[in-house]
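Report on one structure; see the data block that follows.
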Amino acid sequence: MFLSDQANTVAQRLVDHARTVDDAWQIPALEAAVLHQLVVSSRRRLLLEIGVSYGFSTLHLAHAAGLTGGYVHAIEASEKKFQAATASLTEAGVINRVFLHLGAAQDVVPSLRPDGRFDFLFIDAVKAECFEYLEAAWPLLNHEDCLIVTDNTTTHADELDDFCRHLRSLPEVMCSTTLDIGNGFELSVLGNAGAREAD
């Protein structure tokens, strides 16, 4: 088990909760585990998440950030979900690794003042707005060392094909590919993010 007992208990409760509501829209447990490992193994320290929902993915990202000495800026548009996620992350013991922001990502992201440039971006919100999310986040990303993960590229392929093609066309993106894990996600590597050396 890669999560702490405290965090794992909350994560399982969120999995159970997702089965009882129709608006959880959270990533599968396997995908959450892969994202956790991706953050830890590549030593990501300043993470941006667009789309928190009830906090399942945020919990995993925050736990991983705790292992790397990092932090997550996480944005959620729904006040109900924002409040629920805040409670869950607090209960899981990872709230000290999260800056939660309420509002539309297009408005919130430009107002962020992170301590450095983001080296990890996770996009899991309204698919039709992904271009807007990327445009808002782009000036805040470390173009020499950043991973971008876009969720639902398998389950919502028709909606995200153009966005994935756009990512692959950017000169700053060394490589970008869809991984058929969970909902399917596009993993895009900016600069030398794939070759980060141990500190």
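When we follow numbering that gives the first Met the number 0, the leftmost residue of the sequence shown carries the number 0, and every step to the right adds one. Even glycine gets a Cβ: it sits at the ideal position worked out from N, Cα and C. Model, not experiment: these values are computed from the prediction.
- Task: Using the DSSP secondary-structure output, state which residues sit across from H16 in a beta bridge.
- Result: Looking up residue 16 in the sequence shown gives position 17. Bridge partners of H16: none, in fact.
- Message: Rounded to whole angstroms, what is the Cα-Cα separation between S32 and H59?
- Response: For the purposes of this step, residue 32 is taken as residue 33 along the sequence shown, with counting starting at 1. For the purposes of this step, residue 59 is taken as residue 60 along the sequence shown, with counting starting at 1. In the sequence as displayed, the identity of residue 32 is Ala instead of Ser. Roughly 7 Å separates the two Cα atoms.
- Message: Can you tell me which residues form a DSSP beta bridge with T152?
- Response: As a first step, residue 152 is located in the sequence shown; it is residue number 153 there, counting from the start. For T152, which the question treats as bridged, DSSP gives no partner whatsoever.
- Message: Taking the beta strand (DSSP E) that F117 belongs to, which residues open and close that run?
- Response: Within the sequence shown, numbered from 1, the residue matching residue 117 stands at position 118. Here F117 belongs to no beta strand (DSSP E), and DSSP marks it neither H nor E.
- Which of the three DSSP states, helix, strand or coil, is assigned to G65? On the sequence shown, residue 65 is found 66 positions in, with the first residue counted as 1. DSSP places G65 in helix when its eight states are reduced to three.
- Query: So what does DSSP say about H59, is it helix, strand or coil?
  - Reply: Numbered from 1 along the sequence shown, position 60 holds the residue referred to as residue 59. The answer is helix: DSSP assigns H59 an H, G or I state.
- Message: Taking the alpha-carbon of A91 as reference, which of G183, D4, V107 has the nearest alpha-carbon?
- Response: Numbered from 1 along the sequence shown, position 92 holds the residue referred to as residue 91. Out of G183, D4, V107, D4 has the C-alpha closest to the C-alpha of A91.
- Task: For L140, I'd like the list of residues in its chain whose CB is within less than 7 Å of its CB, leaving aside the five on either flank, ordered along the chain.
- Result: Position 141 of the sequence shown holds residue 140. R116, F117, L120, L189, listed in sequence order.
- Message: Quick check: the Cα distance between H16 and S87, rounded to an integer number of angstroms?
- Response: Here residue 16 is taken as the residue at index 17 of the sequence shown, counted from 1. Here residue 87 is taken as the residue at index 88 of the sequence shown, counted from 1. Answer to the nearest angstrom: the Cα atoms are 12 Å apart.
- Relative to the alpha-carbon of V38, which residue among Y53, A61, R18, R167 has its alpha-carbon at the smallest distance? Numbered from 1 along the sequence shown, position 39 holds the residue referred to as residue 38. Comparing Cα-Cα distances from V38 to each of Y53, A61, R18, R167, the minimum goes to A61.
- Task: With a floor of 3 residues, list each beta strand (DSSP E) that falls wholly inside the stretch 14 to 55, ordered by position along the chain.
- Result: 45 to 49
- L169, DSSP secondary structure in three states: As a first step, residue 169 must be located in the sequence shown, where it is residue number 170. Here L169 sits in coil by DSSP.
- C-beta contact flag for L2 and H35 at 9 Å: Working through the sequence shown from its first residue, we reach residue 2 at position 3. Working through the sequence shown from its first residue, we reach residue 35 at position 36. Yes, the Cβ-Cβ distance between L2 and H35 is below 9 Å.
- Stretch-stretch touch, CB-based, cutoff 8 Å, three pairs: the stretch 150 to 159 with the stretch 77 to 84: no
- Task: Take the Cβ of G54 as the centre, count every other Cβ of all protein chains shown within 10 Å, and call the residue buried at 16 or more, exposed below.
- Result: Your numbering for residue 54 matches position 55 in the sequence shown. Buried.
- Simplified DSSP assignment, three categories, for F98: The residue given as residue 98 occupies position 99 in the sequence shown. If DSSP states are grouped into helix, strand and coil, F98 belongs with the strands.
- Task: Give me whichever residues DSSP pairs with V188 in a beta bridge.
- Result: The count along the sequence shown starts at 1 and reaches residue 188 at position 189. Bridge partners of V188: L146, C174.
- Could you have a look at L140 and say whether DSSP puts it in helix, strand or coil? By one-based count along the sequence shown, residue 140 stands at place 141. In this structure, L140 counts as strand in the three-state DSSP scheme.
- Per DSSP, I279 is paired with what? Absent from the structure is residue 279, since the part of the chain shown begins at 0 and ends at 198.
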